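Participant: Got a structure here, written out as structure tokens. Questions coming.
In UniProt numbering, the protein residues as written are 1 to 636.
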């Protein structure tokens, strides 16, 4: 079937289309109410279906003869440890840990916070919670105590599951003191804290609620799968909110399983038994969807990697993994490949490995700039897929549908809307814009299965944050356009637009041009106040390792490039070389923070920042360069 006919069916007959996809999963009771609306007008999928996600992802494969197939490959260059868990072994571990949780009072609907590094036990804990019909909330390991406390208070978990430590490239981060402090800060107190002791740092077990993972597992009795409704929550995943209070995105069991199962074939072109590697973390949405649930629901082998794209030990780390485990599809953020390109621009490390098993490289999480796209495509000779999605949607809104029909790629575009996502470009009044015109990217309701159902404990925040701006649509918060061929271009958040002399210009477009310069490893563009034009763009650029270029020469070349591609209207006349850019742990440049510095506003440092010291460093540079003043305007 062609992409266009598949997409058309999904939009014109959504209930029928998704009922067909639901047939690929082993329900306890197949749903009859495929698509419903509640009293608030909110849409739900598979409301009367009965199921268990952990059964679908693990037990079903054991019951159908795949018990000896590897389910999880664990590779940890930071600890020099490797292991393989078969589906049968995974089932045994999940059932036992579900028994541990059950013995401590966890039942259907209870919440369990998981605060762990990238190890098998993190996945086991998630699946064990799902096995009991409970709700997990995974928090990225190493989050500061205040941020963890906020999430504990909001989710009100009965149990916290953690490890004694996480391991970065050159340091060990002790988790237990962070958890203890978070519990002390939180108004809600869990009944129990289960701790996995790792040899790199053993935790002090001093509280009456502390339980040792290994001891508890030795004493546990396996617990069975608990049936839930299709609309019962599977997990809460917190994402940054504009108010500073994180938003707990709620994912429902039925739609989540159907969407991810479908996406593994339609988007990623995977077959049961293939090896799929999402080089992310279980604390992020990519980890939930494509380290844990998507591959396992589809009967694939998934990879848990406790390492980095570079310096564990070198820029060949990804390619070594592909060769060693015969990875068919690799999924990572563009920042990972920029890091590899920066340290190994000629891809000499890549040439040491056989990556013939690799079919496709998928990138998401931030805008994939064409230079990174083109470098990765040239050096690997693989298909590169830029796909766009959000924590809220849980899977790709737009992608090149590799399992339906591979479409010609256009660098800078995330290709076409995925079946189920009715993507429109709207003006501020909610009118649909013609091809080529930039506006707000919105999705006409109903959203397909797998997208957020609400915000945990705050339906009004869900409505005001996503449904209010354009009635009848989900507002993505991103800006972009659709070209004459139907290709979707995401140009960044709608606040990444600057107004230069009355002209609205995308900083993403300027970043694309600057990043194409041979000397540039990474860059960002922000708008600063100009008394004549309102705002003018300024580029903050990071040079590739080993590159030496006069800053005045570089600036002149970048100005000429932007002038050539956009024209004098861009008014781009300033580029500043910086040693690093402030980023989140998942690699996103903190553009809003940079705009706040430029505007001399109070800087809101998000909990997801990778290195807080980078803020003071960049602030000092911007001050010294005269990029901070009292009348600078934040681009909103």
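Every residue gets a Cβ at the ideal spot worked out from N, C-alpha and C, and that includes glycine.
Predicted model, so just to flag it, every value in this text is computed and none were measured.
Residue 449: buried (16+ other C-beta within 10 angstroms of its C-beta) or exposed?
Facilitator: Answer is buried; the Cβ neighbour count reaches 16.
Participant: Only counting runs of 4 or more residues, tell me where the alpha helix (DSSP H) segments fall wholly within the region 237-291, in order along the chain.
Facilitator: Complete alpha helix (DSSP H) runs here, min 4: 253-266.
Participant: Please give the ranges of any beta strand (DSSP E) in the UniProt domain "AMP-binding enzyme C-terminal" (509-588), keeping only runs that are unbroken, at least 3 residues long and fully inside the region.
Facilitator: Runs of the beta strand (DSSP E) inside the UniProt domain "AMP-binding enzyme C-terminal" (509-588): 520-530, 534-543 and 575-577.
Participant: Which residue comes first and which comes last in the alpha helix (DSSP H) that contains residue 180?
Facilitator: 176-185 is the span of the alpha helix (DSSP H), which, as asked, contains residue 180.
Participant: May I ask which residues mark the beginning and end of the alpha helix (DSSP H) holding residue 91?
Facilitator: Its alpha helix (DSSP H) spans residues 87-103.
Participant: In whole angstroms, what is the alpha-carbon distance linking residue 522 and residue 552?
Facilitator: Cα to Cα, residue 522 sits roughly 18 Å from residue 552.
Participant: Please look up how many angstroms separate the CB atoms of residue 525 and residue 510, rounded, as I've assumed it's under 8 Å.
Facilitator: Sure, about 4 Å apart at Cβ, within 8 Å.
Participant: Give the DSSP bridge partners of residue 396, in chain order.
Facilitator: Answer is 389, bridged to residue 396.
Participant: Would you say residue 435 and residue 384 are within 8 Å of each other, going by their C-beta atoms?
Facilitator: Not in contact: residue 435 and residue 384 (Cβ atoms no closer than 8 Å).
Participant: I'd like the list of long-range same chain contacts for residue 1, defined as Cβ closer than 6 Å, with 5 residues on each side in sequence excluded.
Facilitator: Nothing meets the Cβ criterion.
Participant: Kindly identify the DSSP beta-bridge partner or partners of residue 330.
Facilitator: Paired residue(s): 277 and 361.
Participant: With a Cβ-Cβ cutoff of 8 Å, do residue 237 and residue 121 count as a contact?
Facilitator: Not a contact, by the Cβ cut-off of 8 Å.
Participant: Assuming residue 478 contacts residue 461 (C-beta within less than 8 Å), just tell me the rounded distance between them.
Facilitator: Not really, about 19 Å apart at Cβ, beyond 8 Å.
Participant: My guess is that residue 119 and residue 163 are in contact by the Cβ rule of under 8 Å, so how many angstroms apart are they, rounded?
Facilitator: That pair is a contact at about 7 Å.
Participant: According to DSSP, residue 196 sits in a beta bridge with which residue or residues?
Facilitator: 163.
Participant: Quick check on DSSP: helix, strand or coil for residue 10?
Facilitator: Helix.
Participant: So what does DSSP say about residue 493, is it helix, strand or coil?
Facilitator: Residue state, collapsed to three classes: strand.
Participant: Can you check whether the C-beta of residue 81 is within less than 8 Å of a C-beta belonging to chain B?
Facilitator: Within the model displayed, chain B is absent; a lone protein chain is all it includes.
Participant: Do residue 57 and residue 234 come within 8 Å of each other at the CB atom, strictly closer than that value?
Facilitator: No; because the gap between Cβ atoms is not below 8 Å, this pair is not in contact.
Participant: Here's the rule: buried if 16 or more other CB atoms are within 10 angstroms of the residue's CB, otherwise exposed. What is residue 607?
Facilitator: With 16 or more other Cβ atoms within 10 Å, it is buried.
Participant: Does the separation of the CB atoms of residue 307 and residue 317 fall below 8 Å?
Facilitator: Their beta carbons are under 8 Å apart, which means residue 307 touches residue 317 by this criterion.
Participant: Give every residue of the same chain whose Cβ lies closer than 7 Å to the Cβ of residue 547, excluding the five residues on either side of it in the sequence, and list them in chain order.
Facilitator: Contacts found: 519.
Participant: Just checking residue 292 against the ligand NAD - is the residue's beta carbon closer than 7 Å to any of the ligand's heavy atoms?
Facilitator: In the structure on display, the ligand NAD does not appear, and there are no ligands present to speak of.
Participant: Report all residues from its chain with a CB closer than 8 Å to the CB of residue 102; omit the five preceding and five following residues, and keep chain order.
Facilitator: The residues are 132 and 223.
Participant: Name the DSSP bridge partner or partners of residue 446?
Facilitator: The partner list for residue 446 (beta bridge, DSSP) is empty, contrary to what the question assumes.
Participant: Report yes or no: do the region 613-627 and the region 591-601 share at least 3 C-beta pairs separated by less than 8 Å?
Facilitator: Touching, per the Cβ criterion.
Participant: How should residue 206 be labelled, buried or exposed, when 16 other C-beta atoms within 10 angstroms of its C-beta is the threshold for buried?
Facilitator: Answer is exposed; the Cβ neighbour count stays below 16.
Participant: Do you know how far the Cα of residue 593 is from the Cα of residue 632?
Facilitator: Residue placement at residue 632 is poorly supported in this model, since its pLDDT is 36, which falls under 50; the coordinates are not used for a value here.
Participant: On the premise that residue 404 lies in contact with residue 421, defined as a C-beta separation below 8 Å, what is that separation, rounded to the nearest angstrom?
Facilitator: Actually they are not in contact, since the Cβ atoms of residue 421 and residue 404 sit about 14 Å apart, beyond 8 Å.
Participant: Do residue 330 and residue 259 have their C-beta atoms closer together than 8 Å?
Facilitator: Their beta carbons are not under 8 Å apart, which means residue 330 does not touch residue 259 by this criterion.
Participant: From residue 634 to residue 305, what distance separates their C-alpha atoms?
Facilitator: At residue 634, the pLDDT of 32 sits below 50, so the modelled position is not reliable and the matter cannot be decided from this model.
Participant: Out of 565, 337, 500 and 580, state which residue places its alpha-carbon closest to the alpha-carbon of residue 365.
Facilitator: The residue with the shortest Cα to Cα distance from residue 365 is 337.
Participant: Tell me whether the beta-carbon of residue 369 lies closer than 8 Å to the beta-carbon of residue 512.
Facilitator: Yes, Cβ-Cβ distance for residue 369 and residue 512 is below 8 Å.
Participant: First and last residue of the beta strand (DSSP E) that includes residue 112?
Facilitator: Its beta strand (DSSP E) spans residues 111-115.
Participant: If you drop the 5 nearest sequence neighbours on each side, which residues of the same chain put their C-beta closer than 8 Å to that of residue 79?
Facilitator: Only 167, 200 and 306 meet the Cβ criterion.
Participant: Could you check the C-alpha separation between residue 354 and residue 5 for me, to the nearest Å?
Facilitator: For residue 354 and residue 5, the distance between alpha carbons rounds to 37 Å.
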